[in-house]
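Peer 1: Questions regarding the structure given below will be posed in turn.
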Amino acid sequence: AQSVTQLGSHVSVSEGALVLLRCNYSSSVPPYLFWYVQYPNQGLQLLLKYTTGATLVKGINGFEAEFKKSETSFHLTKPSAHMSDAAEYFCAVSEQTGTGGFKTIFGAGTRLFVKA
Amino acid sequence: NAGVTQTPKFQVLKTGQSMTLQCAQDMNHEYMSWYRQDPGMGLRLIHYSVGAGITDQGEVPNGYNVSRSTTEDFPLRLLSAAPSQTSVYFCASRTVASGANVLTFGAGSRLTVL
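First to last, the protein sequences are chains F and V. Using the working numbering, read the first sequence as starting at 1 and increasing by one per residue. Using the working numbering, read the second sequence as starting at 1 and increasing by one per residue.
In structure tokens form, the structure reads like this:
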């Protein structure tokens with residue numbers, strides 16, 4: 001079974017600074033990878049996803065992530081943090097099930113704090 | 001344009017009581033799933049379904065039952081609630097054609113078991 005590890009349950013950055021949220025996955029086959037964001041008291045929304053092709057994926061709100069197969073990583077970055085980026089971020093991987101479909105497994109999440 | 005609708009939004013139960021969390025989607029998604037979210041644990045998959053009449057267990061299925069009689073609905077049943085089931089529950093759906101498809105989440109149901 002696949003698993004997802006997010007390094008750091010909390011990350012704090014200053015407004016305007018680089019945001020880096022780390023994600024590593026375990027997979028024996030090419031994965032489908034996702035980053036979701038959760039704002040307080042809301043459900044999760046997709047930031048970006050990797051399927052095939054270009055390994056640098058751009059998402060909404062200036063976020064991007066790079067798929068590195070050799071490192072089994074899919075780290076999320078944003079060049080300049082904004083106060084509105086404060087939220088919890090989840091890395092996820094989609095794996096095939098025995099019934100022929102796919103199920104999505106999430107990491108434990110990283111809460112991003114942005115200081116003025 | 002409702003998407004995924006969960007009811008109730010809040011519920012308080014006593015230990016041993018039963019209840020059902022409802023989930024409905026109007027996007028004709030084959031895949032539906034239930035997650036629980038706990039601090040420091042992220043989202044953990046409880047049960048999922050790839051179509052009407054087909055369900056399977058996720059990472060933490062104990063204490064929960066599901067059924068899928070229609071494409072639209074995927075209720076989650078707690079037969080005898082325990083304090084360890086205090087959590088926020090999310091229902092999510094997507095098409096099943098590819099694992100690359102994005103999950104659409106409901107707004108969540110906050111359950112407290114006393």
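Glycine is no exception: its CB is placed at the ideal position from the N, C-alpha and C atoms.
At a CB-CB cut-off below 8 Å, which residues of chain V make contact with F/A108?
Peer 2: Within the first sequence, numbered from 1, the residue matching residue 108 of chain F stands at position 108. Here the neighbours are G40, M41 and G42.
Peer 1: Would you mind sorting V/P124 into buried or exposed? The rule is 16 or more other CB atoms within 10 Å of its CB.
Peer 2: It is not possible to answer for residue 124 of chain V, since the shown part of chain V is limited to 1 through 114.
Peer 1: For F/M83, does the three-state DSSP call read helix, strand or coil?
Peer 2: Position 83 of the first sequence holds residue 83 of chain F. Helix, per DSSP.
Peer 1: What residues match up with V/A24 in a beta bridge as DSSP calls it?
Peer 2: If you number the second sequence from 1, residue 24 of chain V lands on position 24. Paired residues: V/T5 and V/D73.
Peer 1: State the beta-bridge partners of V/M19 as determined by DSSP.
Peer 2: Residue numbering aside, residue 19 of chain V sits at position 19 when the second sequence is read from its first letter. Its beta-bridge partners are V/L78.
Peer 1: Could you confirm whether any beta carbon from chain V is found closer than 8 Å to the beta carbon of F/F63?
Peer 2: Taking the first residue of the first sequence as 1, we reach residue 63 of chain F at position 63. No, F/F63 lies away from the interface with chain V (no Cβ there is under 8 Å from its Cβ).
Peer 1: For the 8 Å Cβ check, are there 3 or more pairs between the region 30-48 of chain F and the region 8-27 of chain V?
Peer 2: Verdict: no, contact absent.
Peer 1: Say whether the region 77-93 of chain V touches the region 91-100 of chain F, bearing in mind that this needs 3 or more beta-carbon pairs closer than 8 Å, one atom from each stretch.
Peer 2: As far as the Cβ criterion goes, the region 77-93 of chain V does not touch the region 91-100 of chain F, which means the pair count is below three.
Peer 1: For V/M32, list the residues DSSP reports as bridge partners.
Peer 2: Position 32 of the second sequence holds residue 32 of chain V. DSSP output for V/M32 lists V/S49 and V/S93 as bridge partner(s).
Peer 1: Taking all protein chains shown into account, do 16 or more other C-beta atoms lie within 10 angstroms of the C-beta of F/M83, making it buried, or fewer, making it exposed?
Peer 2: What you label residue 83 of chain F is simply residue 83 of the first sequence in a count that begins at 1. The residue is exposed, with fewer than 16 neighbouring Cβ atoms inside 10 Å.
Peer 1: What does V/A122 touch in chain F if you count any residue whose Cβ is under 8 Å from its own?
Peer 2: Since the displayed chain V opens at 1 and closes at 114, residue 122 of chain V lies outside it and no answer follows.
Peer 1: So, is V/M41 buried or exposed, given that buried needs 16 or more other C-beta atoms within 10 angstroms?
Peer 2: By one-based count along the second sequence, residue 41 of chain V stands at place 41. The residue in question, V/M41, is exposed, as its Cβ has fewer than 16 Cβ neighbours within 10 Å.
Peer 1: Shorter than 8 Å from the beta carbon of V/Y64 to some beta carbon of chain F?
Peer 2: Here residue 64 of chain V refers to the residue found at position 64 of the second sequence. So, not an interface residue.
Peer 1: Return the residue from the list V/D73, V/G53 and V/N65 that minimises the CA-CA distance to V/H47.
Peer 2: Position 47 of the second sequence, counted from the first residue, corresponds to residue 47 of chain V. Looking at the Cα atoms, V/N65 is the closest of the given residues.
Peer 1: Taking the alpha carbon of F/E71 as the reference point, which residue from F/G59, F/C23, F/Q42 and F/Y32 has its own alpha carbon closest?
Peer 2: For this step, residue 71 of chain F is matched to residue 71 along the first sequence. With distances taken between Cα atoms, F/E71 lies closest to F/C23.
Peer 1: Roughly how far, in whole angstroms, is the beta-carbon of F/F90 from the beta-carbon of F/G62, given that I think they are within contact range, below 8 Å?
Peer 2: Taking the first sequence and counting its residues from 1, the one referred to as residue 90 of chain F is at position 90. Taking the first sequence and counting its residues from 1, the one referred to as residue 62 of chain F is at position 62. Contact doesn't hold; Cβ gap of about 18 Å is too wide.
Peer 1: Locate the beta strand (DSSP E) running through V/Q11, then write down its first and last residues.
Peer 2: For this step, residue 11 of chain V is matched to residue 11 along the second sequence. Start and end: F10 to L13.
Peer 1: Count the other CB atoms, across all protein chains shown, that sit within 10 Å of the CB of F/F113; report buried if there are 16 or more and exposed otherwise.
Peer 2: Here residue 113 of chain F refers to the residue found at position 113 when the first sequence is read from its first residue. Counting Cβ neighbours within 10 Å, F/F113 comes out exposed, since fewer than 16 surround it.
Peer 1: Can you grab the Cα-Cα spacing for the pair V/P61 / V/F90, in whole Å?
Peer 2: In the second sequence, counting from the first residue as 1, residue 61 of chain V sits at position 61. In the second sequence, counting from the first residue as 1, residue 90 of chain V sits at position 90. Those two C-alpha atoms are separated by around 14 Å.
Peer 1: Quick one: does F/K49 have its CB under 8 Å from some CB of chain V?
Peer 2: Numbered from 1 along the first sequence, position 49 holds the residue referred to as residue 49 of chain F. So, interface residue.
Peer 1: Once you ignore the five residues that flank F/L33 on each side, which residues in its own chain have a CB closer than 6 Å to its CB?
Peer 2: Translated into positions along the first sequence, residue 33 of chain F becomes position 33. Excluding positions up to five away in sequence, the list reads Y50, F74 and V93.
Peer 1: Is V/G42 helix, strand or coil by DSSP?
Peer 2: For this step, residue 42 of chain V is matched to residue 42 along the second sequence. Strand at V/G42.
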